[in-house]
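The structure appears below as structure tokens.
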Amino acid sequence: MSAAPDTRRRPSTADRLGLPALRGHGLFITGNLIDSVGNGMLLPLGLLYFTDVQNVPLAQVGAAMTVGQALALPVTFLAGRLMDRIGPKRVVVWANVLSAVGFALFLLARETWHIAGVYVLVQAGINMYFTAQRTLITHVTPAAERRSWFAFTGSLRNIGLAVGSAAAAGALTLFGDGSLRWLIAVDAATYLLAAACFAALTTSPPQPDDAPPDDHVTSADHTRRYLLLVAVNIPYVLAQAALSVLVAVYTTRVLALPASAASLLFVVNTVIVSACSTAITAHLAPKVPRRAVSGGYLIMTGGMAAFALPALTGAAATAWTALIVAIVLF
Numbered sequence: 014m015s016a017a018p019d020t021r022r023r024p025s026t027a028d029r030l031g032l033p034a035l036r037g038h039g040l041f042i043t044g045n046l047i048d049s050v051g052n053g054m055l056l057p058l059g060l061l062y063f064t065d066v067q068n069v070p071l072a073q074v075g076a077a078m079t080v081g082q083a084l085a086l087p088v089t090f091l092a093g094r095l096m097d098r099i100g101p102k103r104v105v106v107w108a109n110v111l112s113a114v115g116f117a118l119f120l121l122a123r124e125t126w127h128i129a130g131v132y133v134l135v136q137a138g139i140n141m142y143f144t145a146q147r148t149l150i151t152h153v154t155p156a157a158e159r160r161s162w163f164a165f166t167g168s169l170r171n172i173g174l175a176v177g178s179a180a181a182a183g184a185l186t187l188f189g190d191g192s193l194r195w196l197i198a199v200d201a202a203t204y205l206l207a208a209a210c211f212a213a214l215t216t217s218p219p220q221p222d223d224a225p226p227d228d229h230v231t232s233a234d235h236t237r238r239y240l241l242l243v244a245v246n247i248p249y250v251l252a253q254a255a256l257s258v259l260v261a262v263y264t265t266r267v268l269a270l271p272a273s274a275a276s277l278l279f280v281v282n283t284v285i286v287s288a289c290s291t292a293i294t295a296h297l298a299p300k301v302p303r304r305a306v307s308g309g310y311l312i313m314t315g316g317m318a319a320f321a322l323p324a325l326t327g328a329a330a331t332a333w334t335a336l337i338v339a340i341v342l343f
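Just so it is clear: in the sequence shown, position 250 is 263 by the numbering used here, and no numbers are missing.
Right, here's the structure in full:
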């Protein structure tokens with residue numbers, strides 16, 4: 014008697030990589046990608062633009078950026094309330110428009126208070142976008158593929174960041190710091206294009222979760238757990254901010270490397286993240302999420318130590334090696 018045929022479907026390459034079904038989501042993918050290209054072009058170089066092109070002292074630029082970003086923090090809460098009223102799609106569209114206006118005004122900002130003002134607009138747009146973008150995923154993708162879409166859009170973001178950073182590095186290498194003005198103009202245009210892609214999306218709210226509530230866990234317990242999660246996430250957020258705010262100044266002023274160094278490091282980082290995010294989210298993170306996060310923090314600690322190494326006395330010759338190791342660990 015012959016054995017029964019094996020009717021199980023072999024996992025495809027997309028399954029192994031943790032990729033969702035992409036057909037029919039072209040506008041959503043394009044909008045995410047273009048938004049990320051804009052971020053990659055300018056976020057690591059904004060501080061350098063004001064110090065080296067507009068000749069504003071570093072301390073004043075740093076203070077203005079800090080004030081502007083701090084003033085934009087409440088926008089996260091306002092965006093959440095707004096999203097409840099008009100839906101995530103409109104919030105994402107207006108977030109990109111706001112970022113476009115903010116980056117375009119970089120060209121006119123010459124005083125410290127100008128810099129603070131434009132960073133309020135840019136950071137408000139970024140905060141609005143990230144408040145609504147993940148909810149927008151639930152309005153345009155099937156529930157069964159939601160985890161894959163979260164991971165895929167994270168990878169997509171890093172692909173866009175890599176493309177934008179590579180373009181910025183190339184422009185700086187070929188044309189010098191003066192090309193930053195053109196990068197700003199192009200950057201503002203990319204955000205408007207991303208807004209147009211998101212505006213054209215067809216969305217539908219997800220169905221309510223039918224899972225029964227856990228009678229043994231109170232609302233206060235949920236709140237405490239959530240606040241603890243927020244607290245332990247703060248070091249990660251600060252580390253991410255260091256890459257976009259401090260690395261450009263650190264590599265040029267402390268290590269005396271060319272201005273393109275920050276963009277090149279950004280490219281390495283984003284290539285690694287975009288290549289690994291979907292597979293890790295699909296196969297590792299769901300099984301051991303706490304261990305994955307803890308392991309990530311330990312690796313990040315090693316990365317930060319490697320970043321600091323070339324600044325030590327007598328270690329300047331290790332700059333490129335240390336920075337590449339640092340960004341890989343990061």
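We put the CB at the ideal spot given by N, CA and C, even for glycine.
Predicted, not measured: the structure shown is a model, and the values here were computed from it.
At a Cβ-Cβ threshold of 7 Å, Gly44 and Phe188 do not count as neighbours. Rounded to whole angstroms, the separation of the alpha carbons of Ala122 and Tyr142 is 23 Å. Spanning the alpha carbons of Arg266 and Ser178 requires a straight line of approximately 19 Å. Between Val286 and Val176, the C-beta gap is not smaller than 7 Å, which leaves the two residues out of contact. Apart from sequence neighbours up to five positions away, the residues of its chain that approach Leu61 with a beta-carbon distance below 8 Å are Asp190, Leu193, Ala261, Val262, Thr265, Ala272 and Ala275, ordered along the chain. Taken atom to atom, the span from the alpha-carbon of Leu120 to that of Gln67 is near 9 Å. Inter-segment contact for the stretch 239 to 257 and the stretch 128 to 148 is absent: fewer than three beta-carbon pairs are separated by less than 8 Å. A Cβ-Cβ contact shorter than 7 Å links Leu134 with Val114.
Non-local C-beta neighbours of Gly316 in its own chain, meaning closer than 7 Å and more than five positions away in sequence, comprise Ala339, Leu342 and Phe343, ordered along the chain. With respect to the 7 Å criterion, Leu111 and Ala137 are classified as neighbours on the basis of their beta carbons.
Cβ contact annotation for Pro155 (same chain, cutoff 7 Å, sequence separation greater than five): none. Judged by DSSP secondary structure, Asp48 falls within the alpha helix (DSSP H) whose first and last residues are Gly39 to Leu55. Counting only the Cα atoms, Ala319 lies some 29 Å from Thr166.
Comparing C-alpha distances from Trp126 to each of Val74, Leu91 and Ala255 shows the shortest one belongs to Val74. Annotated three-state conformation of Arg194 is helix, per DSSP. Boundaries of the alpha helix (DSSP H) harbouring Phe163: Arg159 to Phe188, taken from the DSSP string.
Taking the CA atoms as reference points, Leu149 sits about 33 Å from Gly183.
Taking a cut-off of 8 Å on C-beta distances, the stretch 76 to 87 does not touch the stretch 194 to 205, as fewer than three cross pairs fall below it. Just measuring C-alpha positions, the residue of Glu158, Val104 and Ile128 sitting nearest Pro33 is Glu158. Straight-line spacing of the CA atoms in Thr79 and Val281 works out to 26 Å.
Each residue's CA atom was taken as its position, placing Gly39 and Gln146 some 16 Å apart. For the 7 Å CB-CB criterion, Met96 and Val104 form a contact. Of the candidates Ala324, Leu322, Ile293 and Ala321, the residue whose Cα lies closest to the Cα of Gly309 is Ile293.
Per the coordinates, the alpha-carbon of Ile99 lies some 21 Å from the alpha-carbon of Asp48.
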